[in-house]
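> Chains Y and F are the protein sequences, given in the same order.
Each residue of the first sequence is one higher than the one before, counting from 1 in the working numbering.
Each residue of the second sequence is one higher than the one before, counting from 1001 in the working numbering.
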Amino acid sequence: MPSQRVSQQSKSQRAVSPVSGHAGQAAAGPVPAIKEVQAVAFYDATGRIHHMHHVVVFEGGKSHNADSAVRDAKEKAELMGRDVSKLKVLHVPHLEHPHAMHRVDAKKKVLVELEPAKSSSATTRKR
Amino acid sequence: MARLARADEISSEAREISYAAHKVLNGRDLNPASTTHWFSHSARAPPLPSLDFACFPEYLQIPVFPPSVFAVRHKESVMTILSEWNQWFMAWAPSDGYSASTSYEFPPSAVFAKVSCTFFMEYDSDDVSMFSPGIVSIRRRKPDNSDETVAEGNAPSVWDPNMTSITVGIYIYKCQAQLFTNLEFWG
Chain Y
1 MPSQRVSQQS
11 KSQRAVSPVS
21 GHAGQAAAGP
31 VPAIKEVQAV
41 AFYDATGRIH
51 HMHHVVVFEG
61 GKSHNADSAV
71 RDAKEKAELM
81 GRDVSKLKVL
91 HVPHLEHPHA
101 MHRVDAKKKV
111 LVELEPAKSS
121 SATTRKR
Chain F
1001 MARLARADEI
1011 SSEAREISYA
1021 AHKVLNGRDL
1031 NPASTTHWFS
1041 HSARAPPLPS
1051 LDFACFPEYL
1061 QIPVFPPSVF
1071 AVRHKESVMT
1081 ILSEWNQWFM
1091 AWAPSDGYSA
1101 STSYEFPPSA
1111 VFAKVSCTFF
1121 MEYDSDDVSM
1131 FSPGIVSIRR
1141 RKPDNSDETV
1151 AEGNAPSVWD
1161 PNMTSITVGI
1171 YIYKCQAQLF
1181 TNLEFWG
């Protein structure tokens, strides 16, 4: 499913990004190519994602279908002490921007990219 | 007798040891300027009779050897790094907690995996912030060809000679932080 980039905050509210992009990857030597990247989002009625699970499959690695990806995502969330049983689930078979943060457009059932944003309550340190 | 050494002393000493080891093992000197060869090593490195984590004070046993001369013993065989894969991504949680996990699936491999935090910025300096990266679990191939999942309890590093999957995770609260994942493939 195509994801859609939206700007959630004004420029002045954005946090400083310490690197040229929000994410990246690097490799040295004969690393297998990445075959697929899937995502499973556990979100509430507002579309806020509480837990996001990615599956990165290298050549020769175990592939997942939607059921096994969701099942695996739930297992991992539980291992992390997260209760996702009451949350809605969105499975994205081909994640376009795996390094981005997302929310879910609950009506369209698609991921929407987010920009890094400071909390509105963020303050300077009181002396 | 161990003594506290300056960082530049350690670096210099490590370089000298590395070059000496390379000369012993490969019969030639390393050009100090050609450090780009660190990853173009051979998996057929001979045994290291006396160089395993040697020569450093106990509190400074940092594996700073170039991988071309850095090897470990596993079940009486010597292994070196064949390749390395890194990924990093930024996460943020302005007000509520957020967690994420990533599972990497690959063919059975000897993998040394590490995660670390490479950026952290709290959003609300008057409240608590938290960023907790770790390895959630691994899956490994057993001798009978079956797989088993092993919970790792948020460990920062894991080694397994027959790993087929690893899951790293973060929990983040009122801050922005960057997770760095490092997968070393040994052979």
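Backbone N, C-alpha and C fix where the C-beta goes; we use that ideal spot for every residue, glycine too.
Quantities reported herein were computed from a predicted structural model and do not represent experimental measurements.
For A41 of chain Y, does the count of other Cβ atoms within 10 angstroms reach 16, so buried, or fall short, so exposed?
The residue in question, A41 of chain Y, is buried, as its Cβ has 16 or more Cβ neighbours within 10 Å.
> Does any residue of chain F have a CB that is nearer than 7 Å to the CB of P30 of chain Y?
With 7 Å as the cut-off, P30 of chain Y counts as an interface residue toward chain F.
> Here's a check: name, in chain order, each residue in its chain whose Cβ is nearer than 6 Å to the Cβ of A77 of chain Y, leaving out the five neighbours to either side.
Answer for A77 of chain Y: H51, V84, listed in chain order.
> Would you report the Cα separation of H97 of chain Y and W1085 of chain F, rounded to the nearest angstrom?
If you take the alpha carbons of H97 of chain Y and W1085 of chain F, they lie about 18 Å apart.
> If we ignore side chains and look at the alpha-carbon of each, how far apart do V112 of chain Y and D1144 of chain F end up?
About 44 Å.
> How would you call K1174 of chain F, buried or exposed, if buried means at least 16 neighbouring beta carbons within 10 angstroms?
Answer is buried; the Cβ neighbour count reaches 16.
> Could you pull out every residue in the same chain whose Cβ sits closer than 6 Å to the Cβ of Y1171 of chain F, ignoring the five residues on either side in sequence?
Contacts found: S1099, S1132.
> I need the DSSP call for K76 of chain Y, collapsed to helix, strand or coil.
Three-state DSSP puts K76 of chain Y in a helix.
> Nearest to P1108 of chain F by alpha carbon, out of Y:K62, Y:V92, Y:R82?
The candidate whose alpha carbon is nearest that of P1108 of chain F is Y:K62.
> Looking at the ligand ADP, does it come within less than 6 Å of T1149 of chain F, judged from the CB to the closest heavy atom?
With respect to small molecules bound, the structure shown includes none, and the ligand ADP cannot be examined in it.
> Return the residue from the list F:P1156, F:P1161, F:N1162 that minimises the CA-CA distance to K1169 of chain F.
One detail in the question is off: residue 1169 of chain F reads as Gly in this sequence, not Lys. Nearest option by C-alpha distance: F:P1156.
> Could you pull out every residue in the same chain whose Cβ sits closer than 7 Å to the Cβ of S1129 of chain F, ignoring the five residues on either side in sequence?
Taken in chain order, the residues that qualify are E1122, Y1123, Y1173, K1174, C1175.
> Identify the continuous beta strand (DSSP E) that holds A1151 of chain F and give its terminal residues.
It spans 1147–1155 - the beta strand (DSSP E) in which A1151 of chain F sits, taken as one unbroken run.
> Under 7 Å between the Cβ atoms of H91 of chain Y and V70 of chain Y?
Their beta carbons are under 7 Å apart, which means H91 of chain Y touches V70 of chain Y by this criterion.
> Between the Cα of K88 of chain Y and those of Y:A73, Y:V55, Y:D44, spot the shortest distance and give me the residue it belongs to.
Closest by alpha carbon: Y:D44.
> Over what stretch of residues does the beta strand (DSSP E) that includes N65 of chain Y continue unbroken?
N65 of chain Y -> no beta strand (DSSP E), and no H or E assigned at all.
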